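The structure under discussion appears below in the form of structure tokens.
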Amino acid sequence: MMIRAHVTIQGQVQGVFFRAYTQEKARELGVSGWVGNNSDGTVTVAAEGPENVVKQLIEWCHSGPSRAQVKKVDVTFETYTGEFEDFEIRY
22 MMIRAHVTIQ GQVQGVFFRA YTQEKARELG VSGWVGNNSD GTVTVAAEGP ENVVKQLIEW
82 CHSGPSRAQV KKVDVTFETY TGEFEDFEIR Y
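Counted from 1, the sequence shown has number 81 at position 60 by the working numbering; the numbering is strictly sequential.
Next up, the structure:
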């Protein structure tokens, strides 16, 4: 089953290459979507793909790259749209 997840990650997640490592992991897993920083210091991920690999990416977001200190991860599952061709970093 194909799913879409909207993920917000809180903690020390900016300035630690969270976006770059998330993109690398998503591409490794075959997940499409995007990752971006928010003005409140959080990082947002929109991810689409097979349920098992999207959930693997979400699980990875709970720890992130080695320099990150993740405090909280909020996940909302949404309707799959198939709109993404790749996994991009949004600036």
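Backbone N, C-alpha and C fix where the C-beta goes; we use that ideal spot for every residue, glycine too.
Nothing here was measured: the structure is a model prediction, and the numbers come from that model.
- With fewer than 16 neighbouring CB atoms inside 10 Å of its own CB, residue 88 falls in the exposed class.
- Between residue 99 and residue 48, the CB-CB gap reaches or exceeds 7 Å.
- Between the alpha carbons of residue 39 and residue 92 lies a gap of roughly 14 Å.
- By the criterion of a C-beta distance shorter than 7 Å, residue 90 is surrounded in its chain by 32 and 33, once the five residues flanking it on both sides are discounted.
- Under a 10 Å Cβ-count criterion, residue 69 is classified as buried, with 16 or more other Cβ atoms of the shown protein chains found around its own Cβ.
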